[in-house]
Amino acid sequence: MNKTSKTYDTFLRPGITIQGKWHHKQYVIIRKLGKGAIGSVYLCESNGKKAALKVSDKSASITMEVNVLKSLGKVQGRSLGPYLLDVDDWIVPGVGAFSFYVMEYIQGKTLPEYMNQRGEEWIGVFMLQLLDDLESLHEAGWVFGDLKVDNLLVTSSPARLRWVDVGGTTQVGRAIKEYTEFYDRGYWGLGTRKAEPSYDLFALVMVFLSVYHPNHFPKGQNPQAILFNRVDRVKALKPYSSCLKKALVGKYQTSAEMKQEISTVLYDLQMQKTTRSNTNSISSRRQDKSSNALEYIGLVLLALGYYLSSLLIP
Amino acid sequence: MKKGTLKQILLITDGCSNKGEDPAATAALALQQGITVNVIGILEDDQTEEPEGLQEVEEIALSGGGVSQLVYKQALSQTVQMVTKQAMTQTIQGFVNMELKQILGKEQTMEDLDPEKRGEIMEVVEDLGETSDLEVLVLIDTSASMHDKLPTVKEALIDLSISLNSRVGRNRFAIYNFPGKRKDIDKVLDWSPRLDSISSVFPKLTSGGITPTGPAIREAMYQFGKKSLLRSLRNNHEQDIENV
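Those protein sequence lines, which keep their order, are chains A and B.
Residues 1 to 314 in my numbering are what the first sequence lists, from first letter to last.
Residues 315 to 558 in my numbering are what the second sequence lists, from first letter to last.
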């Protein structure tokens with residue numbers, strides 16, 4: 001939209017060092033990681049450590065994102081978003097100032113990549129992880145807002161779904177700050193854009209639908225019927241379909257409610273699998289059976305753990 | 315603290331004005347009256363990014379203190395709400411900068427503060443953006459070439475009302491089209507808190523031949539005048555009740 005937005009990208013080449021105006025820290029640019037609506041993200045290095053640096057000519061937007069990262073940092077005991085490392089301005093003589101912030105560099109695979117490689121049994125795990133994190137976020141008074149595949153990465157050992165872009169995070173009760181049409185319940189005619197837990201739960205379902213429909217699909221004349229139909233048509237989502245449909249129409253008030261029901265489904269599913277030992281749905285996996293069985297037992301334990309811990313939390 | 319009402323004109327067009335005064339000049343006048351002018355230029359599907367007829371789009375928004383954006387019609391919904399919100403933030407930031415200059419001296423703006431202080435001020439700006447009342451007068455170009463774009467415009471406006479009505483602050487929308495049958499602009503929808511009702515009024519829009527953008531902005535400006543006196547009285551009253 002504005003022509004000046006290209007300027008900082010033209011200055012930031014690999015190997016360039018930039019220094020902050022206020023805190024004087026130096027960062028060596030390694031490469032560009034991506035470009036969003038309000039700026040570009042670069043991989044950089046400072047004191048031998050890698051970090052992600054987001055720079056923009058929209059100082060106000062950068063400041064708003066920093067405010068969100070700061071408040072997420074205050075949510076106890078969890079790393080909900082990337083850690084914030086520095087906030088500063090970068091002065092280009094004769095051109096002007098660009099605001100930037102530096103955050104933890106999260107390295108991982110996208111959700112579709114990971115599930116394609118590792119198999120569908122991870123769906124339940126990631127659903128629970130996401131619901132867990134959302135629960136903490138909501139309890140702290142925030143709503144994620146722009147929850148989508150592009151804003152999530154799976155880090156390895158242990159496999160953990162991390163949030164990489166929290167720019168849309170909005171205080172509960174306000175209007176969602178940033179959203180993407182496909183994941184937005186307002187677009188589908190299934191609710192407002194008010195920041196409330198159920199807004200995120202709708203987007204969560206759309207995240208998992210996106211994994212199986214990478215090119216998305218049009219909303220048509222009856223959006224709700226189309227969504228329900230898509231949920232039913234994906235085999236891997238079938239066991240969870242009743243939960244997912246409830247989330248789509250806003251039946252869950254909290255992530256805890258949804259988490260509870262998903263863990264029940266997951267538990268039943270694992271019980272079935274262990275009794276039937278190996279059946280069709282997993283036979284597509286190329287690993288040998290013993291390691292599969294081991295994995296199921298692990299998953300059962302994990303699911304049980306989640307279930308029990310959710311009972312402990314009042 | 316008593317919050318003011320932000321006033322915006324949202325001009326949706328696909329071409330250059332060809333009748334009456336320079337639209338950039340009337341936009342500047344509107345800004346003088348405290349009304350921000352935002353402009354969205356709709357591109358034809360086969361048009362490239364910088365079509366000649368739409369050059370004035372940026373100019374109008376610039377002199378009207380608002381935001382401009384050229385889009386293809388598929389992206390209209392998201393753009394309409396983004397432009398409106400950005401312009402709100404921009405206006406509020408303008409006020410805040412003015413205050414800062416009074417407190418800190420002539421050359422100080424938000425960018426001259428260190429990131430920590432800037433963060434605190436931005437929180438206030440966001441608070442104000444969320445809670446301020448907003449009046450948007452949508453001004454739709456209905457010259458002949460817009461004909462096939464009107465259904466998309468309608469959807470985008472309904473979507474805008476979903477977004478803005480999710481805010482804490484109150485909203486009022488009015489829709490006018492230009493050129494009007496006998497006047498420069500015609501009323502499509504009078505000031506109303508929601509836009510759900512526009513489905514029924516939209517098919518009535520007829521397309522005309524000329525594009526009097528300048529006169530249209532001037533006329534639109536007066537539609538705020540009539541309303542705001544009445545409303546500010548009522549607002550005060552309502553706010554008293556809310557405070558109790």
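Ideal Cβ placement from N, Cα and C applies to all residues, glycine included.
(Q) Considering only the alpha carbon of each residue, which of A/249, A/274, A/68, A/244 lies closest to residue 260 of chain A? (A) Of all alpha-carbon atoms in A/249, A/274, A/68, A/244, the one lying nearest the alpha-carbon of residue 260 of chain A is that of A/244.
**Q.** Closer than 9 Å at the beta carbon, the chain A residues around residue 326 of chain B
**A.** Neighbourhood of residue 326 of chain B in chain A, by CB distance below 9 Å: empty, with the nearest CB roughly 16 Å away.
Q. Are the beta-carbon atoms of residue 334 of chain B and residue 455 of chain B separated by less than 9 Å?
A. Against a cut-off of 9 Å, the Cβ pair of residue 455 of chain B and residue 334 of chain B comes out as no contact.
Q.
Run through chain B and tell me which residues come within less than 7 Å of residue 97 of chain A, C-beta to C-beta.
A. Residues of chain B whose Cβ lies closer than 7 Å to the Cβ of residue 97 of chain A are, in chain order, 425.
**Q.** Nearest to residue 73 of chain A (by Cα), restricted to the options A/140, A/18, A/100
**A.** Residue nearest to residue 73 of chain A within the set A/140, A/18, A/100 is A/140 (criterion: CA-CA distance).
Q. Mind checking if residue 181 of chain A is an interface residue toward chain B, Cβ cutoff 9 Å exclusive?
A. Proximity of residue 181 of chain A to chain B, defined by a Cβ-Cβ separation below 9 Å, is satisfied.
**Q.** Per-residue DSSP class, three states only, for residue 144 of chain A
**A.** DSSP places residue 144 of chain A outside both helix and strand once states are collapsed to three, so it counts as coil.
**Q.** Cβ neighbour criterion (16 or more within 10 Å) applied to residue 16 of chain A
**A.** The Cβ neighbour count for residue 16 of chain A, taken over all protein chains shown within 10 Å, is under 16; the residue is labelled exposed.
Q: Give the residues from the stretch 469–483 of chain B that approach chain A closer than 8 Å (Cβ to any Cβ), ordered along the chain.
A: Of all residues in the stretch 469–483 of chain B, only 473, 476, 477, 478, 479, 480, 481, 482 come within less than 8 Å of chain A when Cβ atoms are compared, listed by chain position.
Q | Proximal chain B residues relative to residue 151 of chain A, where beta-carbon distance stays under 8 Å | A | Neighbours of residue 151 of chain A on chain B: none; closest Cβ ~16 Å, over 8 Å.
Q: Taking 9 Å as the cut-off, decide whether the C-beta atoms of residue 470 of chain B and residue 323 of chain B are in contact.
A: Going by C-beta atoms, residue 470 of chain B is not nearer than 9 Å to residue 323 of chain B.
Q) From residue 160 of chain A to residue 253 of chain A, what distance separates their C-alpha atoms? A) Answer to the nearest angstrom: the Cα atoms are 25 Å apart.
Q) Which residue comes first and which comes last in the beta strand (DSSP E) that contains residue 481 of chain B? A) For residue 481 of chain B, there is no enclosing beta strand (DSSP E), as DSSP gives it neither H nor E.
Q: Would you mind giving the Cβ-Cβ distance between residue 350 of chain B and residue 378 of chain B, rounded to the nearest angstrom? I have them listed as a contact below 8 Å.
A: Indeed, because the Cβ distance is near 6 Å, the residues count as touching under 8 Å.
Q. Taking buried to mean at least 16 other C-beta atoms within 10 Å of its own C-beta, is residue 22 of chain A buried or exposed?
A. Exposed, since its Cβ has fewer than 16 Cβ neighbours within 10 Å.
Q) Rounded to the nearest angstrom, how far is the Cβ of residue 448 of chain B from that of residue 478 of chain B, given a contact under 8 Å? A) Yes, residue 448 of chain B and residue 478 of chain B are in contact; Cβ-Cβ is about 6 Å, under 8 Å.
Q. Is there contact between the stretch 30–47 of chain A and the stretch 109–120 of chain A, where contact requires at least three CB pairs shorter than 8 Å?
A. For the pair of segments examined, the stretch 30–47 of chain A was found not to touch the stretch 109–120 of chain A: the number of CB pairs separated by less than 8 Å stays below three.
Q: Compare the Cα-Cα distances from residue 376 of chain B to each of B/386, B/387, B/405, B/393 and report the closest residue.
A: Ranking the options by Cα distance to residue 376 of chain B, first place goes to B/405.
Q) Listing by chain order, which chain A residues have their CB less than 7 Å from the CB of residue 337 of chain B? A) None at all; the shortest Cβ gap to chain A is about 20 Å.
**Q.** Contact set for residue 210 of chain A: own chain, Cβ-Cβ below 6 Å, skip 5 residues either direction
**A.** 149.
**Q.** Buried or exposed (CB count within 10 angstroms, at least 16 for buried), residue 331 of chain B
**A.** Under a 10 Å Cβ-count criterion, residue 331 of chain B is classified as buried, with 16 or more other Cβ atoms of the shown protein chains found around its own Cβ.
(Q) Can you tell me where the beta strand (DSSP E) holding residue 191 of chain A begins and where it ends? (A) Looking at the DSSP string, residue 191 of chain A is not in any beta strand (DSSP E), and its letter there is neither H nor E.
Q.
Tell me which residues share the same chain as residue 468 of chain B and place their Cβ nearer than 8 Å to its Cβ, disregarding the 5 neighbours each side in the sequence.
A. Cβ within range, chain order: 512, 513, 516.
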